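Below is the structure:
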């Protein structure tokens, strides 16, 4: 158990070194409560024109079906809130651009960092199978981040973190290691 804790801390430390603001771990398993809620939500057509949400239901609520053999969901947060964003507010005749869109494409930025974290973890463990995700797959990222202790779901349906608020991206590694 001590060895596993040490490995977890090394992975977390490397994630922070790569620029992530948090890195946590949860057991990869079926999510019965979320499956029931999602099924009810879909049966009431609350997804509107977002028909893609209905796709891959089984994989969305069970990461072991998305990544066979997976045992752990590693969730990371990357803040996109920077003081310079506030400078734009109140500037006359300047268009307002959403904070998350003021930088490079976060899918590419997070994927690159997650690839480095995956490679580090693979070297540390002497082998690893899994996949990385940056909201481009049927992963309930907020659920996994919440389960691992990164925050709570607010009334606005966003994950809220006591230290960095809600201006962050979530990424995952779903891996076959515990």
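In this note's numbering, the protein residues as written are 4 to 181.
Where a beta carbon is used, it is the ideal one built from N, C-alpha and C, also for glycine.
It should be emphasised that the depicted structure is a prediction, and the values quoted were computed from it without experimental measurement.
Looking at the secondary structure, which residues open and close the alpha helix (DSSP H) in which residue i lies?
| i | result |
| --- | --- |
| residue 78 | No alpha helix (DSSP H) holds residue 78; the beta strand (DSSP E) holding it covers 75-82. |
| residue 140 | Careful: residue 140 lies outside any alpha helix (DSSP H) and carries neither H nor E. |
| residue 125 | 109-128 |
| residue 148 | 144-150 |
What is the rounded straight-line gap between the Cα of residue i and the Cα of residue j?
| i | j | result |
| --- | --- | --- |
| residue 41 | residue 15 | 31 Å |
| residue 79 | residue 141 | 17 Å |
| residue 166 | residue 51 | 34 Å |
| residue 130 | residue 31 | 18 Å |
| residue 33 | residue 48 | 23 Å |
| residue 67 | residue 107 | 31 Å |
| residue 139 | residue 124 | 22 Å |
| residue 53 | residue 65 | 21 Å |
| residue 38 | residue 11 | 28 Å |
| residue 122 | residue 19 | 15 Å |
| residue 28 | residue 63 | 18 Å |
| residue 117 | residue 46 | 35 Å |
| residue 149 | residue 35 | 15 Å |
| residue 17 | residue 59 | 32 Å |
| residue 6 | residue 126 | 16 Å |
| residue 132 | residue 9 | 20 Å |
| residue 164 | residue 114 | 22 Å |
Nearest to residue i by CA position, among the options, is which residue?
| i | options | result |
| --- | --- | --- |
| residue 112 | 137, 84, 32, 72 | 137 |
| residue 128 | 38, 47, 180, 34 | 180 |
| residue 158 | 151, 169, 152 | 169 |
| residue 178 | 120, 12, 171 | 120 |
| residue 174 | 156, 43, 160, 134 | 134 |
| residue 145 | 125, 172, 35, 122 | 172 |
| residue 57 | 21, 69, 44 | 44 |
| residue 151 | 59, 26, 7, 35 | 26 |
| residue 109 | 22, 8, 7, 6 | 22 |
| residue 176 | 126, 55, 160, 70 | 70 |
Below 8 Å on the Cβ atoms is my contact criterion, and I expect residue i with residue j to pass it. Report the Cβ-Cβ distance as a whole number of Å.
| i | j | result |
| --- | --- | --- |
| residue 82 | residue 24 | 5 Å |
| residue 153 | residue 143 | At roughly 13 Å, the Cβ-Cβ gap does not stay under 8 Å, so residue 153 and residue 143 are not in contact. |
| residue 76 | residue 147 | 5 Å |
First and last residue of the beta strand (DSSP E) that includes residue i?
| i | result |
| --- | --- |
| residue 174 | 171-178 |
| residue 25 | 25-30 |
Within the stretch 46-75, ranges of the alpha helix (DSSP H) (whole runs, at least 4 residues): 60-63, 66-69
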